[in-house]
Amino acid sequence: MTTQLTIGFLPLVDACLPILAHEHGFAEDEGLSLTLVKDLSWATVLDRLLYGHSDAAHMIAPLAIATTLGRGRPAQPLAAPFVLGLNGNAITLTPDIAGRVRGDEPGLGDPRVVGAALRAVARERLAAGRPLTFGVVHRYSSHNYMLRYWLAACGIRADEEVEIRTVAPPFCAEALELGDVDGICVGEPWNSVAVERGVGEIVLSTAQIWRRGVEKVLALREPVLEEKRDAVLRLIRALCRAAAHFVDPVNWEHNAQVLARPEYLDGSPELIRRAISDQLLIARGGKMIHYPDFMFQYREAANFPWVSQAEWLYSQMVRWDGLSYDREDAARAARVFRPDVYRAALLGTGEPLPGASSKVEGSISAPTVVGTQQGSMVLETNTFFDGSVFDPHDIEGYLRQLP
Amino acid sequence: MRIAIVDESAARASIIEEGLSELDDCEMIVITERRGLLARMAQIDPDIVLMNLGNPSRDMLEEYFAVSRALARPIAMFVDESDDDAIVASVEAGVSSYVVDGLAAGRIRPIVDLAVTRFNAFSRLQNDLAEARGKLAERELVDKAKRILMQNKGLPEPKAYAELRKAAMDQGKRIVNIAEAIVTAHELMGGA
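Order-wise, the sequence lines are chains A and B.
If you read the first sequence in the UniProt record's numbering, its first letter stands for residue 1, the second for the next number, and so on.
If you read the second sequence in the UniProt record's numbering, its first letter stands for residue 1, the second for the next number, and so on.
Put into structure tokens, the structure is as follows:
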């Protein structure tokens with residue numbers, strides 16, 4: 001018997017896994033029939049999820065936590081049993097500012113060097129009464145947290161010295177063009193769209209800020225997860241197969257064509273293929289560069305929802321929403337990520353399952369073999385650019401030492 | 001009470017505005033332009049914002065409410081947090097509402113209910129329009145099939161139509177389906 005599931009998404013390259021699970025029949029193989037619903041704002045994706053129009057959604061991870069904690073609207077517990085991908089975002093500045101901060105680097109700059117140069121620009125603009133303004137896709141997005149993390153570590157105080165506001169991804173290029181913002185932090189293909197129009201140049205990939213930063217998750221209402229648990233387990237297996245398909249170079253061209261279709265991203269197959277293959281054209285007329293693991297969708301159990309990732313996001317929520325650390329909230333935030341469900345879905349398959357469900361984030365600086373419950377796993381570099389380490393057992397201590 | 005209606009569809013916005021005009025002491029401001037939305041919002045300083053659910057500016061607007069207005073006048077989303085039925089009706093109709101905290105629920109509810117009614121009326125209108133367009137397309141198809149029959153079999157118009165109707169009755173199909181088959185066959189055979 002086929003189970004019907006409706007999944008909400010925003011037109012971004014990292015909505016790829018549910019789309020491909022549907023298009024390549026992986027969902028069907030698991031006895032699932034997926035209906036994909038496209039929206040243009042996260043608020044709408046969330047509304048559909050909360051009021052039962054959709055069973056699951058492609059969602060920025062911090063928003064799942066914020067919703068669970070009741071930030072901005074009545075609290076409703078969400079569950080994220082599957083990470084749809086790591087990173088895949090970039091910081092794009094107007095050509096003028098990019099030229100000043102990029103230095104002589106032919107490709108993406110060193111985050112420290114670019115940050116130091118940007119600090120000078122930010123001070124100048126602040127003194128001139130026109131503070132630098134950045135657009136991020138949502139207040140509760142990894143884009144916002146990554147950008148703020150980088151700025152702060154480079155001595156630039158967000159909200160005081162620079163302004164950060166919300167701009168929906170499809171309007172990012174336009175906002176740069178109109179001078180509404182001086183920079184954006186957004187997922188693909190929207191950086192490349194700005195580059196193509198000549199209104200922006202990519203200066204950093206978020207993978208340079210946190211090499212393995214958590215990005216989108218598959219989010220469900222907790223009661224729905226319980227109610228449809230069997231279908232969710234099947235969905236996770238289908239998404240995992242889609243992930244393996246997505247990262248295989250043999251499929252890049254075809255998958256880019258599928259994702260570009262009007263009902264999905266409605267965009268340029270060429271720009272989408274670039275993102276999938278970790279290629280970035282950082283400036284119009286410039287050279288194409290290859291930045292490995294720009295998007296990270298499968299290897300190293302990338303889809304495993306590490307509880308420590310949720311806890312890091314909570315720490316940033318405390319940091320930037322001006323909250324005080326709350327042990328109860330931290331526990332509720334941690335429970336959003338559901339490695340138990342991920343394990344239940346993939347136990348007995350060929351997918352590796354880590355032994356632990358939490359790790360010290362940013363601590364791995366060389367390939368490391370980790371203990372597993374199933375299969376074998378080597379984790380590669382997973383550092384923050386400033387060398388800082390997040391120990392989920394001491395969130396308060398971590399917050400104290402942040403700038 | 002000031003009500004801002006934000007909708008990129010000017011037609012729908014005016015239908016909502018018209019529907020709400022029967023309310024007493026309500027001032028309505030319609031915004032259809034995405035650019036400069038926040039500045040307009042600051043200027044209007046509305047008590048209630050009605051917005052189509054799928055509006056791409058919602059994230060931006062919610063951020064604005066959360067940050068700029070947090071201290072002065074918190075904005076509650078949708079009608080009343082506890083009133084699930086009303087929220088579901090809103091979402092079904094495709095309307096999202098942002099309401100300044102402190103307004104009595106009794107004053108908000110009729111406005112949002114009315115907005116939901118108008119949204120539904122608009123989508124009914126659209127369905128009717130789509131249906132009318134479909135009917136028009138059907139008539140064109142039948143005319144085309146008729147012309148093919150007239151040309152190829154040298155029939156006068158009433159006879160061509162009678163043949164179409166007879167084939168439909170014999171096969172238990174709609175005339176338009178027969179017409180479609182004829183037009184398709186004609187095109188496949190190289191007809192223009």
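No residue lacks a Cβ here, since even glycine has one placed at the ideal position from N, Cα and C.
- Taking CB atoms only, residue 8/A has no neighbour in chain B less than 8 Å away.
- At least one C-beta of chain B is nearer than 8 Å to the C-beta of residue 41/A.
- Annotation: the UniProt domain "Response regulatory" (2-116) of chain B contains the following complete segments of the alpha helix (DSSP H) (minimum length 4 residues), in chain order: 10-20, 37-44, 58-68 and 84-93.
- Counting C-beta pairs with one atom in each stretch, the stretch 6-21 of chain A and the stretch 246-259 of chain A have three or more that are closer than 8 Å, which means they touch.
- Contact check for residue 155/A against residue 130/A fails: the beta carbons are separated by 8 Å or more.
- If you check the CB distance, residue 335/A and residue 305/A do not come in under 8 Å.
- About 7 Å separates the beta carbon of residue 151/A from that of residue 162/A, a gap short enough to meet the 8 Å contact definition.
- A straight-line Cα-Cα distance of about 15 Å links residue 64/A and residue 54/A.
- Annotated as proximal: residue 22/A and residue 36/A, with beta-carbon spacing under 8 Å.
- The alpha carbon of residue 379/A has as its nearest neighbour, out of 252/A, 397/A, 395/A and 356/A, the alpha carbon of 356/A.
- Residue 53/B is positioned such that its CB atom lies no closer than 8 Å to that of residue 111/B.
- Fewer than three pairs of CB atoms, one per stretch, sit closer than 8 Å, so the stretch 120-132 of chain B makes no contact with the stretch 155-173 of chain B.
- Counting only residues of its own chain and dropping the five nearest sequence neighbours on each side, residue 292/A has a CB closer than 8 Å to the CB of 278.
- Contact annotation: residue 191/A and residue 90/A have beta-carbon atoms nearer than 8 Å.
- For residue 53/B, the residues of chain A that pass the 8 Å Cβ criterion are 44 and 47, in the order they occur in the chain.
- Between residue 84/A and residue 218/A, the C-beta gap is smaller than 8 Å, which places the two residues in contact.
- With a cutoff of 8 Å on beta-carbon distance, residue 5/B and residue 26/B are scored as not near each other.
- Between residue 76/B and residue 139/A a beta carbon distance of about 17 Å is seen, past the 8 Å cut, so the two are scored as non-contacting.
- No Cβ-Cβ contact shorter than 8 Å links residue 403/A with residue 225/A.
- A residue is called buried when at least 16 other Cβ atoms come within 10 angstroms of its Cβ; residue 156/B does not meet this threshold and is exposed.
- As computed with DSSP, residue 33/A is found in a beta bridge with 4/A.
- The Cβ-Cβ distance between residue 7/A and residue 57/A falls below 8 Å.
- Cβ-Cβ distances below 7 Å link residue 222/A to 77, 78 and 79 in the same chain, with the five nearest sequence neighbours on each side left out; the list follows chain order.
- Per DSSP, reduced to three states, the secondary structure at residue 320/A is helical.
- Within chain B, the residues placing a beta-carbon under 7 Å from that of residue 166/A are 59, 60 and 63, ordered along the chain.
- Below 8 Å, enough C-beta pairs join the stretch 194-204 of chain A and the stretch 85-104 of chain A to call them touching: three or more.
- Secondary structure at residue 210/A: strand, using DSSP grouped into helix, strand and coil.
- If you draw a straight line from the Cα of residue 135/A to the Cα of residue 58/B, it comes to about 15 Å.
- As the crow flies, the alpha-carbon of residue 118/B is around 20 Å from that of residue 84/B.
- Annotation: Cβ neighbours of residue 66/B in chain A (cutoff 8 Å, chain order): 72 and 139.
- Along the stretch 46-66 of chain A, going in chain order, the ones with a CB nearer than 8 Å to a CB of chain B are 47, 48, 51, 52 and 53.
- In this structure, the alpha-carbon of residue 227/A lies about 18 Å from that of residue 237/A.
- Less than 8 Å separates the beta-carbon of residue 320/A from that of residue 148/A.
- Closest in C-alpha terms to residue 249/A, from the list 241/A, 173/A and 276/A, comes 276/A.
- Under the Cβ criterion of 8 Å, residue 170/A is counted among the residues facing chain B.
- Between residue 32/A and residue 235/A, the gap from beta carbon to beta carbon is short of 8 Å.
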